[in-house]
Each structure stands twice: as C-alpha cells, then as structure tokens.
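Just below is one structure, and these are the notes that go with it.
Chains as they are written, first to last, in this note's numbering: chain A, 9 to 302; chain B, -7 to 263.
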C-alpha cells in the first residue's frame, strides 16, 4: 500500500530553488531515508508534506487519500527542533498532542518510559537538556499510535551518549514495523536504520531505491606493497579492477564483486609483487552518496 | 474539532502561561476597582456628575468606558500573546504537524477571542450591577436594566480590539513588534494617518470618525463627550462621536474585515 506519493513538487524561496520537480513514492513498512547535504531540500520536502509550507507546484497524497484532511493525525513527526510549550511538563505537552490527535490512548507513562523520561515527567520542558528534549519529541511522535513516523535530523546537536540513546530508540521504532521517514545527512545513521533511501541535492532527486540497490556492485580494495607504484601499474592492467589511486601509503581501487581478493593476491605474487596489506570492504553508503552528489 | 474541543485545547495550552495568568488577573482586579478612582477626583458638575460613575443607569456607560482601556490593554495583549508566543515556541507549526488543520488552528484562536469577549461582557455586567446595587439607597437594582444595549456595545468593543489583536498577531507574528504595532496604532498611528489624510483633525469630513479604531472606541466613549458637544466651539464642524448605531455597524464591519484578512493571510503563509 502506498503511504505517500509525491509528484513533481517544486518550491522556491525568492531566487533559490529549494525543490525542483521532486517525485517519490513511499510504501507501507518501509524505513525510508531522505539523504542530502545541508540545504538540499530535505526539510522543505518534509515541511510541505506536513502542511506547514506550501508548494509552488506539484502535489502529494497521504494514504491514497483515504483519511482526507485529517491524515496528519495518523502521522507522528518532528521537524528540525523539538517544539513544545516550555512552561508545561512533559506529561502536559503530551496531553496537548493527544488532544489534537483525538487519541484515546492516555498511557503517557509507558511512552515516557520508552525514551527514559518517566522520572522527569512532572518537570517543565524548559528545564530539559537538549538530549531530553529530543527524546521527548520522539515520545510525542508515538502518541496516538501513528501509522507513519517522520524524523528530521533526529540526532542533531546531541552529544555521543545522546546520539546513541536516540539511535537505539529509532532502531526499536523501525523494527516495530511502522513506516518511518527520516531525513538526515548522517549517512551512517541512515545506513544502519533505513531499508530505502532517496538522495537529493539542490532540490533534485538524484537516486532512489532500496539501500542495497543504491550501493553499487563493486568492492573497495585497499592494498599496499614495498613498491606501491609498480603495484598501481599492475592493478591498472587488470580490466575488472577500476581506478587504482594512491591514498596516503595505500592504494585504493574498485573491484567487481564476481572476483575475489585471493585472485588479486595470487596474480600480484605471480608478478613478483608481495602485498603487505590487502583488505576488501563493501562499498559504504557514504562513498556512494559522495559519488552520486559529486 | 468542534468549538468546545478547540476552546478546551486552547485552555490546556495557556492555563499555565505567565502572560495569560498575569494579564488575566490584572484585568479581573482592575475592572471592578478602577472606577473608584473617581472618588478622589474633583470635576466640575458641568463636565460630569461623580454620582453617575456608580448609579444606575449611567454607571453602565462609565464602566464600559473604563473597560474600553482595560480590554484594549490586558485582553488585547493576551490575545496577541496567544498567537505570537506559539510562533516563538514553534508550537503553531507543531500543532499543525500533529494534526490540526490550519482552519482549525485559526478557529481555535477566533473562538478564544469570542469566548474572552463573552466572558469580559459578563464580568462587565456583574461588576456594573454589583456597584450600582450597593450604590442605591436602599440597596436595589432600580434602573439597572434600562439600557441593555450597553451589553451589545461592550461585546462589540471587546471583539473589535481582540479581532484587531488577532490580525496583528497573525500578520506580524513576532511578539515584541506585534505589541508595539498594536499599541502604537491604537494610540498614535491612526491619529497621525487621519491627520495626513484630512490635513485637519477638527475640520472637513465626518468620515474621520469612521476610521477602524475610532469606530471601536466610539462604542463605549468617555460619557463626558456628550456634554462637551453641547458647548459651541469655533471651527469645529462635526460631532466628536459616531452615533451608537453607526459605531455598531462600522465596528461590526471592521471586525469581519480584521478576521477575514487574518484568516486569508494565515491560510496562505508558510508556518
């Protein structure tokens, strides 16, 4: 079932084109990462589909239109920063969200327990640390048992412990089977959590699909020998190894995944080159992202 | 969401808000007491009879006049704070993200303006009846219900200020600038605009009385103006005040206009 269909969305701020004919389709159960450098249009996209920004052109449709104008009550979302009434307690803030969503679920304790805030539920929001605010925002997205949860840069500004805590909570939510849409420029985060990604830059969609399909079929090799220059020349002569280049004291190259490092090692040895270092690693999303957005 | 649901949501959001509580309490305390400043003032009988401040039916006019200033200040600031603070805290956008439609969000604020106006009008009635009752000797409500139109005039005056505050809040959005604009427009800017347009505040067209905040102020004017108008003055060629019916019609139109522009602007603007 299609959860969200975006068609040809465009939005500009004066002369800056924030989104340019962006189209996406997100299906039920997907954990969908929207990747892009700062200013690529991620938050603008989320702002439009959450009804707080208006698009210049294009359209979007939630849940195939089955909930009409009340579709946002089926969605839990944080956009940019945690936004709450600073003079109200965590519990009171959740009650307000529950009121808006018309939720019958009033078990705030277990929701606050999930994000480890139950001990501070009676404290005003303004007394919270940034990490606690972010965790409360995550708790708020779960009010009313939404079908879709949206996070925009959920670990922004957090310290390493806060990042680890938030990431753990996100992983739990993702594993619960809900549809999750997450905008981030932290690729490690997306790679660990998401099943699908869209990569956007300057408002253009550059690539979309499952994380596996976005990652290329190539393997990155790291090699070293006593004579790196003759090693590089040797690698240049193999047609299933691409782009060997010296990085620091090692050579990096791309290898088709049908071949193995044992083959490389044997061929080098046969040519009189003794490898002192040989590692093969799968292409990481970060490398692919940098390649796509180059 | 229905009216009660939206009002209850606004109450949940603001019942612990310091500006809401402080200005609300100040309004409740000053409205029934400010009229007693009159006991300390020496005014010529030709301008006003001090007894009118407390005795039925004239105390309806005086209480409405003092309420005019208090509603403009306390309730107007509360109304603007209920909009601009939500912009500052970004809870306006979060409310919409969480599921309110823009129309529901706007209606929540509009219903609050109406509820505050109804509440202030009831409070005006209770205070006026109480002061008049204890002023009569012996205590009685004699003459209390001779001029029920004052309730409508007071309600429209409240709606006038609160709809103007609603407009300023939704259009300007920033708390400090909104309060400055609201206060300055009512106290100075409209007066200056009138002067620029007509060239002379005391001459020319009686249309000068139909400017928005002038029409709203004329719903509950200083009662002594009526006496001053009976004094012939050189070069003054028109009445200082709108007639009550003209003030009510003009104010009603401005209230609709303020609400309409605020709604139109909010529905189109990014949050």
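Even for Gly, the Cβ is constructed at its ideal location relative to N, Cα and C.
Exposed unless 16 or more other CB atoms sit within 10 angstroms - verdict on residue i
i	result
residue 221 of chain A	exposed
residue 226 of chain A	buried
residue 100 of chain A	buried
residue 87 of chain A	buried
residue 279 of chain A	exposed
residue 239 of chain B	buried
residue 210 of chain B	buried
residue 285 of chain A	exposed
residue 261 of chain B	exposed
residue 141 of chain B	exposed
residue 127 of chain A	exposed
residue 46 of chain B	buried
residue 271 of chain A	exposed
Where residue i sits in the DSSP three-state scheme
i	result
residue 152 of chain A	coil
residue 18 of chain A	strand
residue 279 of chain A	coil
residue 149 of chain B	helix
residue 126 of chain A	helix
residue 209 of chain A	strand
residue 226 of chain A	strand
residue 6 of chain B	helix
residue 137 of chain A	coil
residue 70 of chain A	strand
residue 114 of chain A	coil
residue 218 of chain A	strand
residue 171 of chain B	helix
residue 182 of chain B	helix
residue 79 of chain B	helix
residue 48 of chain B	coil
residue 36 of chain B	coil
residue 257 of chain B	helix
residue 85 of chain A	strand
residue 192 of chain A	strand
residue 139 of chain B	coil
residue 231 of chain B	coil
residue 212 of chain B	coil
residue 13 of chain B	helix
residue 252 of chain A	strand
residue 202 of chain B	helix
residue 28 of chain A	strand
residue 34 of chain A	strand
residue 244 of chain A	helix
Own chain, CB closer than 8 Å to residue i, minus 5 neighbours either side, in chain order
i	result
residue 96 of chain A	104, 132, 133
residue 124 of chain A	143, 173
residue 105 of chain B	71, 151, 154, 155, 157, 158
C-beta atoms of residue i and residue j nearer than 8 Å
i	j	result
residue 214 of chain B	residue 57 of chain B	yes
residue 85 of chain A	residue 89 of chain B	yes
residue 242 of chain A	residue 181 of chain A	no
residue 200 of chain B	residue 212 of chain B	no
residue 205 of chain B	residue 177 of chain B	yes
residue 81 of chain B	residue 29 of chain A	no
residue 208 of chain B	residue 123 of chain B	no
residue 112 of chain B	residue 63 of chain B	yes
residue 154 of chain B	residue 68 of chain B	yes
residue 83 of chain A	residue 154 of chain A	yes
residue 15 of chain B	residue 66 of chain B	yes
residue 101 of chain B	residue 159 of chain B	no
residue 260 of chain A	residue 250 of chain A	no
residue 243 of chain B	residue 108 of chain B	no
Sequence-distant residues of the same chain with beta carbon closer than 6 Å to residue i, five excluded per side
i	result
residue 258 of chain A	230, 232
residue 156 of chain B	250
residue 264 of chain A	248
residue 233 of chain B	210, 213, 217
residue 254 of chain B	158, 159, 162
residue 2 of chain B	100, 104
residue 48 of chain A	208, 209
Close-in-space but distant-in-sequence residues of the same chain around residue i (CB under 7 Å, 5 per side omitted)
i	result
residue 78 of chain B	84
residue 166 of chain A	138, 139, 142, 174
residue 301 of chain A	45, 207, 209, 214
residue 131 of chain B	125
residue 257 of chain B	162, 163
residue 42 of chain B	30, 35
Practice task
Pair every Cβ in the segment 36 to 50 of chain A with every Cβ in the segment 196 to 214 of chain A, then say whether three or more of these pairs are closer than 8 Å.
Solution key: By the C-beta criterion, the segment 36 to 50 of chain A is judged to be in contact with the segment 196 to 214 of chain A, since at least 3 inter-stretch pairs fall below 8 Å.
Handout entry: Segment contact, 8 Å Cβ cut-off, at least three pairs: the segment 54 to 61 of chain A with the segment 124 to 136 of chain A
Key = Because the criterion of three Cβ pairs below 8 Å is not met, the segment 54 to 61 of chain A and the segment 124 to 136 of chain A do not touch.
Exercise for the section: Count the C-beta pairs between the segment 11 to 23 of chain A and the segment 66 to 73 of chain A that are closer than 8 Å, then say yes if the count reaches three, no if not. Expected result: Counting C-beta pairs closer than 8 Å gives three or more between the segment 11 to 23 of chain A and the segment 66 to 73 of chain A, which meets the contact rule.
Practice task
Take every Cβ of the segment 63 to 80 of chain B, pair it with every Cβ of the segment 9 to 28 of chain B, and state whether three or more of those distances are shorter than 8 Å.
Solution key: As far as the Cβ criterion goes, the segment 63 to 80 of chain B touches the segment 9 to 28 of chain B, which means the pair count is three or higher.
Problem - Cβ contact check for the segment 47 to 55 of chain B and the segment 136 to 147 of chain B: 3 or more pairs under 8 Å - result: Counting Cβ pairs under 8 Å, three or more are found: they touch.
Practice task
Take every Cβ of the segment 146 to 163 of chain A, pair it with every Cβ of the segment 182 to 200 of chain A, and state whether three or more of those distances are shorter than 8 Å.
Solution key: Yes, the segment 146 to 163 of chain A is in contact with the segment 182 to 200 of chain A.
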